[in-house]
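Worksheet: one structure, shown below.
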Amino acid sequence: MIVYSSTKNGFIHDVDTNRIADEILEAFERILGHSTAINEYRSWQNSMKPMRYILDDKNIPDDAGIAIEYKIPLTSRRVDFIISGENHQGQESVVLIELKQWEKAELTEKDGIVKTYVGKGVRETSHPSYQAWSYAALLNDYNQTIQDEHITLQPCAYLHNYYPDDVIDNSFYEKYTSKAPVFIRPDELKLREFIKRFVKHGDKKKTLYRID
-5 MIVYSSTKNG FIHDVDTNRI ADEILEAFER ILGHSTAINE YRSWQNSMKP MRYILDDKNI
55 PDDAGIAIEY KIPLTSRRVD FIISGENHQG QESVVLIELK QWEKAELTEK DGIVKTYVGK
115 GVRETSHPSY QAWSYAALLN DYNQTIQDEH ITLQPCAYLH NYYPDDVIDN SFYEKYTSKA
175 PVFIRPDELK LREFIKRFVK HGDKKKTLYR ID
């Protein structure tokens, strides 16, 4: 279930006019039937401007599809940010991005688990790459359109406030970062290039709606 959807051009316009968080909230309440906490609203305010910068490249098509807060059916999980289009071979392609505002994290000895400040305290939580990969795995396993039409899913994570520290990209988490790369604050151009590898042509949101 898609909450907010637009094209790349429409998304950039909503960010530039400072409407993006309100647009997401209004769609959230209309489609999901309830509101959300103020901290989630603030996360939209804080995370969408970095994404606007990432997408502001002439080689990312203006009519690429953009979805924010895609609720995976039959679960409570939501994909933060999706970009859809076609790759260089003309195959439908979707980039899934898990967005985090984290500034630091701690290593653990548990598979796919880090410690960071969430919910007013430092707690164990899933590594962002694990989250992104698991969302792609769910969609690949249970979405008939993705299976039948061979739509490719490319998961990744973007922590736009996070500086390098050999924790979030530690080799201990390579099982997941190899499948869903993690990009941090200095990696804006790397994330842009990642998107351009998989979204060469626009689709006017058609792929998003067929998946939905």
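Everything in the sequence shown is counted per my numbering, starting at -5 for the first residue and increasing by one.
For every residue, glycine included, the Cβ atom is placed at its ideal position computed from N, Cα and C.
Check, Outcome
"Quick test of your reading: P180 and A151, contact by CB under 8 angstroms. State the CB separation rounded to the nearest angstrom.", "That pair is no contact at about 15 angstroms."
"Which class does Q125 belong to by DSSP, given the choice of helix, strand or coil?", "helix"
"I'd like the list of long-range same chain contacts for Y157, defined as Cβ closer than 6 angstroms, with 5 residues on each side in sequence excluded.", "R179"
"Measure the C-alpha to C-alpha separation of S128 and E92 and round it to an integer number of angstroms.", "11 angstroms"
"To the nearest whole angstrom, what separates the beta carbons of A15 and Y(-2), a pair I think is in contact under 8 angstroms?", "Rounded, the Cβ-Cβ distance is 10 angstroms, inconsistent with contact."
"Taking the alpha helix (DSSP H) that F5 belongs to, which residues open and close that run?", "K2 to D10"
"Using DSSP with H/G/I as helix, E/B as strand and the rest coil, what is A31?", "coil"
"With DSSP collapsed to three states, give me the class of P149.", "strand"
"With 16 other CB atoms within 10 Å as the buried threshold, where does Q148 fall?", "buried"
"Could you round the C-beta distance between I48 and L153 to whole angstroms and report it? I think they count as a contact, below 8 angstroms.", "With 8 angstroms as the limit, I48 and L153 do not qualify as a contact, their Cβ atoms being about 13 angstroms apart."
"For P67, count the other beta carbons within 10 Å of its own beta carbon; 16 or more makes it buried, fewer makes it exposed. Which is it?", "exposed"
"For a minimum of 4 consecutive residues, which ranges assigned as the alpha helix (DSSP H) are wholly contained in the region 124 to 200?", "138 to 143, 168 to 171 and 182 to 192"
"Identify which residue in V161, N137, S165 and I189 has its Cα closest to the Cα of T69.", "N137"
"When we look at the beta-carbon of I189 and count the other beta-carbons within 10 Å, is it buried (16 or more) or exposed?", "buried"
"Three-state secondary structure (DSSP) at D56?", "coil"
"Give me, in chain order, the residues of the same chain whose beta-carbon lies closer than 7 angstroms to that of D159; leave out the 5 immediate sequence neighbours on both sides.", "K98"
"Any chance you could list the alpha helix (DSSP H) runs of at least 4 consecutive residues sitting entirely within the region 30 to 105, in chain order?", "32 to 49"
"Spatial neighbours of Y170 within its chain, please: CB distance less than 7 angstroms, with the 5 preceding and 5 following residues excluded, ordered by chain position.", "G106, H121, S123, Y124 and W127"
"Less than 8 angstroms between the CB atoms is what I'm expecting for T1 and A58, so what's the real figure, rounded?", "7 angstroms"
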